[in-house]
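Student:
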Amino acid sequence: MNNPDTHSGVTNAKLGVWLFLASEIMLFATLFTSYIVLRMGSTSWPWGWDVLNVPLATLNTVILISSSVTIVMAYARAYDKDKGGFQKWMAATLLLSLGFLVVKGFEYGHEFALGIGPHTSVFYAIYFTMTGLHGIHILGGIAVNGGLLWMSTVDEHWNNHLFLGRVEGAGLYWHFVDVVWIFLFPALYLL
Amino acid sequence: MDRVFHTSFYMPKDIVILGQAYAGSGGGQPLLWQHLFWFLAHPEVYVLVLPPMGIVAEIIANNTRKPLHGYKTLVYSMMGIGIMSFVVWAHHMFISGMSAALGNFFLVTTMIISVPSVAILTCLIFSLKGGSIRYNLPMAYALAFLPLFGIGGLTGLPLGLTVTDIYLHDTYYVIGHFHFVVVTGSIIALFAGVYHWFPKWYGRKMNDTLGWIHFWGTVTTMCGIFGPMLFMGLAGASRRLYDPTAQFHNLPVQGWNVVSTYSAYALALFQLPFVYNFFHSMWRGEKTVENPWQATTLEWACPSPPPHGNFEKTPTVHRGPYEYSVPGRKNDFWMQTEPS
Numbered sequence: 103m104n105n106p107d108t109h110s111g112v113t114n115a116k117l118g119v120w121l122f123l124a125s126e127i128m129l130f131a132t133l134f135t136s137y138i139v140l141r142m143g144s145t146s147w148p149w150g151w152d153v154l155n156v157p158l159a160t161l162n163t164v165i166l167i168s169s170s171v172t173i174v175m176a177y178a179r180a181y182d183k184d185k186g187g188f189q190k191w192m193a194a195t196l197l198l199s200l201g202f203l204v205v206k207g208f209e210y211g212h213e214f215a216l217g218i219g220p221h222t223s224v225f226y227a228i229y230f231t232m233t234g235l236h237g238i239h240i241l242g243g244i245a246v247n248g249g250l251l252w253m254s255t256v257d258e259h260w261n262n263h264l265f266l267g268r269v270e271g272a273g274l275y276w277h278f279v280d281v282v283w284i285f286l287f288p289a290l291y292l293l
Numbered sequence: 200m201d202r203v204f205h206t207s208f209y210m211p212k213d214i215v216i217l218g219q220a221y222a223g224s225g226g227g228q229p230l231l232w233q234h235l236f237w238f239l240a241h242p243e244v245y246v247l248v249l250p251p252m253g254i255v256a257e258i259i260a261n262n263t264r265k266p267l268h269g270y271k272t273l274v275y276s277m278m279g280i281g282i283m284s285f286v287v288w289a290h291h292m293f294i295s296g297m298s299a300a301l302g303n304f305f306l307v308t309t310m311i312i313s314v315p316s317v318a319i320l321t322c323l324i325f326s327l328k329g330g331s332i333r334y335n336l337p338m339a340y341a342l343a344f345l346p347l348f349g350i351g352g353l354t355g356l357p358l359g360l361t362v363t364d365i366y367l368h369d370t371y372y373v374i375g376h377f378h379f380v381v382v383t384g385s386i387i388a389l390f391a392g393v394y395h396w397f398p399k400w401y402g403r404k405m406n407d408t409l410g411w412i413h414f415w416g417t418v419t420t421m422c423g424i425f426g427p428m429l430f431m432g433l434a435g436a437s438r439r440l441y442d443p444t445a446q447f448h449n450l451p452v453q454g455w456n457v458v459s460t461y462s463a464y465a466l467a468l469f470q471l472p473f474v475y476n477f478f479h480s481m482w483r484g485e486k487t488v489e490n491p492w493q494a495t496t497l498e499w500a501c502p503s504p505p506p507h508g509n510f511e512k513t514p515t516v517h518r519g520p521y522e523y524s525v526p527g528r529k530n531d532f533w534m535q536t537e538p539s
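Chain order of the listed sequences is A and B. If you count the first sequence from 1, position 134 lands on 236 in the working numbering, and the numbers rise without skipping. If you count the second sequence from 1, position 70 lands on 269 in the working numbering, and the numbers rise without skipping.
(1) What separation, rounded to the nearest whole angstrom, lies between the Cα atoms of residue 212 of chain A and residue 127 of chain A?
(2) According to DSSP, residue 220 of chain B sits in a beta bridge with which residue or residues?
(3) Going along the stretch 527 to 539 of chain B in order, which residues come within less than 9 Å of chain A, judged by CB to CB distance?
(4) Looking only at C-alpha atoms, which of B:452, B:462, B:401 and B:481 sits nearest to residue 506 of chain B?
(5) Using the DSSP secondary-structure output, state which residues sit across from residue 532 of chain B in a beta bridge.
(6) Just verifying my parser: in three-state terms, what is the DSSP assignment at residue 483 of chain B?
(7) Quick check on DSSP: helix, strand or coil for residue 370 of chain B?
(8) Give a yes or no on whether 9 Å exceeds the smallest Cβ distance from residue 435 of chain B to chain A.
(9) Any Cβ of chain A within less than 9 Å of the Cβ of residue 298 of chain B?
(10) What are the residues in the stretch 235 to 248 of chain B lying within 9 Å of chain A by C-beta distance?
(11) Give the residues from the stretch 142 to 164 of chain A that approach chain B closer than 7 Å (Cβ to any Cβ), ordered along the chain.
(12) Evaluate residue 142 of chain A with the Cβ neighbour count: other Cβ atoms within 10 Å of its Cβ, from every protein chain shown; 16 or more gives buried, anything less gives exposed.
(13) What do you reckon, are the CB atoms on residue 289 of chain B and residue 237 of chain B nearer than 9 Å?
(14) Any idea what DSSP makes of residue 403 of chain B, helix, strand or coil?
(15) Roughly how many angstroms separate the alpha carbons of residue 406 of chain B and residue 344 of chain B, rounded to a whole number?
(16) Checking contacts by CB at 9 Å: is residue 140 of chain A closer than that to chain B?
(17) Would you kindly check if the distance between the Cβ of residue 240 of chain A and the Cβ of residue 202 of chain A is under 9 Å?
(18) Nearest by alpha-carbon distance to residue 516 of chain B: which of B:529, B:527, B:454 and B:538 is it?
(19) Compute the beta-carbon to beta-carbon distance between residue 456 of chain B and residue 427 of chain B, rounded to the nearest angstrom, for a pair I have assumed lies under 8 Å.
(20) What are the boundary residues of the alpha helix (DSSP H) that residue 231 of chain A is part of?
(21) What first and last residue would you give for the alpha helix (DSSP H) that runs through residue 250 of chain B?
(22) Would you give the residue range spanned by the alpha helix (DSSP H) that residue 333 of chain B belongs to?
(23) Skipping 5 residues on each side, what residues in its chain have a beta carbon closer than 7 Å to that of residue 514 of chain B?
(24) Less than 6 Å between C-beta atoms, sequence neighbours within five positions excluded: which residues of the same chain meet that for residue 180 of chain A?
(25) Along the chain, where does the alpha helix (DSSP H) containing residue 537 of chain B start, and where does it finish?
(26) Taking all protein chains shown into account, do 16 or more other C-beta atoms lie within 10 angstroms of the C-beta of residue 298 of chain B, making it buried, or fewer, making it exposed?
(27) If we cut at 9 Å on Cβ distances, does residue 103 of chain A have a partner in chain B?
(28) On the DSSP letters alone, give me the boundaries of the alpha helix (DSSP H) that residue 157 of chain A sits inside.
(29) Which stretch, first to last residue, makes up the alpha helix (DSSP H) that contains residue 141 of chain A?
(30) What is the DSSP secondary structure of residue 313 of chain B, reduced to helix, strand or coil?
(31) Are residue 388 of chain B and residue 424 of chain B closer than 9 Å when you measure CB to CB?
(32) Between which residues of its own chain and residue 283 of chain A is the CB-CB distance below 8 Å, once the five residues before and five after are set aside?
(33) From the beta carbon of residue 169 of chain A, is the nearest beta carbon of chain B less than 9 Å away?
(34) Comparing C-alpha positions only, which one of B:259, B:361, B:527 and B:385 sits nearest to residue 243 of chain B?
(35) Would you tell me roughly how many angstroms separate the C-alpha atoms of residue 103 of chain A and residue 113 of chain A, rounded to the nearest one?
Below is the structure:
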């Protein structure tokens with residue numbers, strides 16, 4: 103059942119993940135387009151570094167890039183059938199992604215404490231929409247990665263020949279979430 | 200978002216609604232809605248036209264009994280269109296009040312996307328050269344696609360140029376252009392596909408006489424509808440009029456409007472033979488063989504209609520799909536599944 107499809111050379115599941123990511127790219131592309139249109143048509147647009155916390159966002163960028171490294175390590179351990187190693191690296195990935203959300207929570211908390219929200223200005227509207235949607239994607243990634251971590255503790259799942267493909271799919275998605283942040287960070291904070 | 204979270208994505212600054220100053224922060228743009236709409240809707244028209252182009256390419260290769268001319272150019276052009284289609288959307292919005300700098304950008308991308316489109320059409324036309332053409336029904340539709348889609352494509356250029364678009368925008372010319380692309384382009388190609396693959400779907404042939412009546416009726420009435428629209432638009436008649444005779448400047452082209460309307464009724468009538476032919480042939484049509492068009496590709500190697508699982512046994516593919524008129528062979532087609 104898991105043979106690569108003869109037309110595409112990859113498993114149908116992997117192709118499905120790629121198609122899903124393509125639709126995700128369209129979703130975020132729409133938001134980036136809105137960002138450009140709103141900013142070009144706006145008479146006043148704040149500098150990201152004046153109103154947002156760049157050091158915290160830089161920390162978050164480092165955290166997210168590190169988590170992309172750890173998930174690749176987790177995949178490599180799973181490839182070698184090293185259960186302990188896989189669990190260690192996957193747990194590290196989960197910790198990093200939770201760390202990202204905690205840092206983001208501090209940023210949001212500070213803004214809300216000042217009475218700033220999506221209604222404040224069109225800049226904050228697009229800022230909260232984009233980072234909020236990205237945060238929801240992080241939550242989705244945590245659910246998938248956490249699920250894989252749990253599955254690795256169950257022999258039936260760990261020994262399933264589909265397991266490695268599942269880790270790969272989760273990794274693809276996680277890299278995508280990472281890349282979105284790498285575009286969000288300069289667009290909102292630095293430009 | 201504007202309603203639930205009180206954001207101002209679509210709300211400009213200092214707007215007054217029903218005498219009340221809008222309470223939100225403002226700073227957004229109503230135009231954003233148009234941007235989002237066309238960001239979806241422009242790539243969508245390429246979704247409408249690219250698969251029919253594939254149908255036409257397939258039928259032309261089969262009925263000229265030779266490989267497609269410039270196959271790689273054709274494939275790369277299709278991929279190029281697919282990518283470019285995401286960065287041309289605002290050419291629908293030149294006179295919407297959006298920034299003129301953006302207009303220039305979308306003018307350039309629109310001219311760029313016309314290049315692969317022309318490359319595809321050129322490849323298809325050159326495929327005819329030196330072929331031993333079979334004038335059957337699917338081929339007639341595929342051949343009709345070439346000039347008609349060409350008209351649709353070329354009439355698009357004045358709309359993609361900002362200067363001429365100021366005059367032509369929101370006139371009947373736009374409607375004519377769009378329908379030459381999507382109706383005489385996509386729909387004609389879909390008819391070609393129906394006549395081509397019908398024997399595979401039901402194991403029976405469609406009636407030729409009814410098919411030719413449908414073909415000539417459809418092609419002429421389609422031109423009768425959309426051709427006059429181009430003339431009317433060039434003369435300045437706007438679209439979406441309740442009564443086109445109400446404005447003095449529309450009267451000189453009112454005759455064309457009437458031609459267009461009668462052609463539309465005639466087009467509807469000419470679809471009756473098709474509908475009858477389709478359903479009648481489904482059950483009563485002349486039985487046909489597995490591969491009535493002597494085609495090379497895999498679908499023609501399974502029985503007509505294909506049973507559950509399509510193939511009787513998993514086919515082995517020995518060669519590419521365009522082995523027509525290979526020198527030194529008795530038959531002018533060499534199926535992908537045929538062992539050498």
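A virtual CB, placed ideally from N, CA and C, is assigned to each residue, including glycine.
Tutor: Working from what's here:
(1) Distance between the alpha carbons of residue 212 of chain A and residue 127 of chain A: 30 Å.
(2) Answer by DSSP bridge pairing, in chain order: B:215.
(3) Listed by position along the chain: nothing, the set is empty.
(4) Put simply, of B:452, B:462, B:401 and B:481 the residue whose alpha carbon is nearest the alpha carbon of residue 506 of chain B is B:401.
(5) DSSP, once it has assigned bridges, lists B:523 as partnering residue 532 of chain B.
(6) It is helical.
(7) In this structure, residue 370 of chain B counts as strand in the three-state DSSP scheme.
(8) The C-beta of residue 435 of chain B comes no closer than 9 Å to any C-beta of chain A.
(9) With 9 Å as the cut-off, residue 298 of chain B counts as an interface residue toward chain A.
(10) When CB distances to chain A are screened at a threshold of 9 Å, the residues of the stretch 235 to 248 of chain B falling below it are 235, 238, 239 and 242, in chain order.
(11) Against chain B - using a Cβ distance shorter than 7 Å - the residues of the stretch 142 to 164 of chain A are 142, 143 and 144.
(12) With fewer than 16 other Cβ atoms within 10 Å, it is exposed.
(13) The Cβ atoms of residue 289 of chain B and residue 237 of chain B sit closer than 9 Å to each other.
(14) Residue state, collapsed to three classes: strand.
(15) Taking the straight line joining both Cα atoms gives about 21 Å.
(16) True, the Cβ-Cβ gap to chain B drops below 9 Å.
(17) Cβ atoms of residue 202 of chain A and residue 240 of chain A: closer than 9 Å.
(18) Nearest C-alpha to residue 516 of chain B: B:538.
(19) Yes, residue 456 of chain B and residue 427 of chain B are in contact; Cβ-Cβ is about 7 Å, under 8 Å.
(20) Segment 224 to 255, the alpha helix (DSSP H) holding residue 231 of chain A.
(21) It spans 230 to 263 - the alpha helix (DSSP H) in which residue 250 of chain B sits, taken as one unbroken run.
(22) Premise fails: residue 333 of chain B is in no alpha helix (DSSP H) and is neither H nor E.
(23) Excluding sequence neighbours, residue 514 of chain B sits near 497, 500 and 536.
(24) Correct list, in chain order: 188, 266 and 269.
(25) In the DSSP assignment, residue 537 of chain B falls outside any alpha helix (DSSP H), carrying neither H nor E.
(26) An exposed status is given to residue 298 of chain B, since fewer than 16 other beta-carbon atoms sit within 10 Å of its beta-carbon.
(27) Caution is warranted here: a pLDDT of 40 is assigned to residue 103 of chain A, below 50, making its placement in the model unreliable, and no coordinate value can be reported.
(28) Going by DSSP, residue 157 of chain A is part of the alpha helix (DSSP H) stretching over 156 to 181.
(29) Residue 141 of chain A -> alpha helix (DSSP H) spans 114 to 142.
(30) In the structure shown, residue 313 of chain B sits in a helix (DSSP, three-state: H, G or I).
(31) The answer is no: Cβ separation not under 9 Å.
(32) Once the five neighbours on either side are set aside, the close Cβ partners of residue 283 of chain A are 162, 163, 166 and 236.
(33) When Cβ-Cβ separations below 9 Å define contact, residue 169 of chain A makes no contact with chain B.
(34) Closest by alpha carbon: B:385.
(35) Reliability of the predicted coordinates at residue 103 of chain A is poor, the pLDDT of 40 falling under 50, and the value obtained from them is presented with this limitation in mind. Rounded to the nearest whole angstrom, the C-alpha separation of residue 103 of chain A and residue 113 of chain A is 9 Å.
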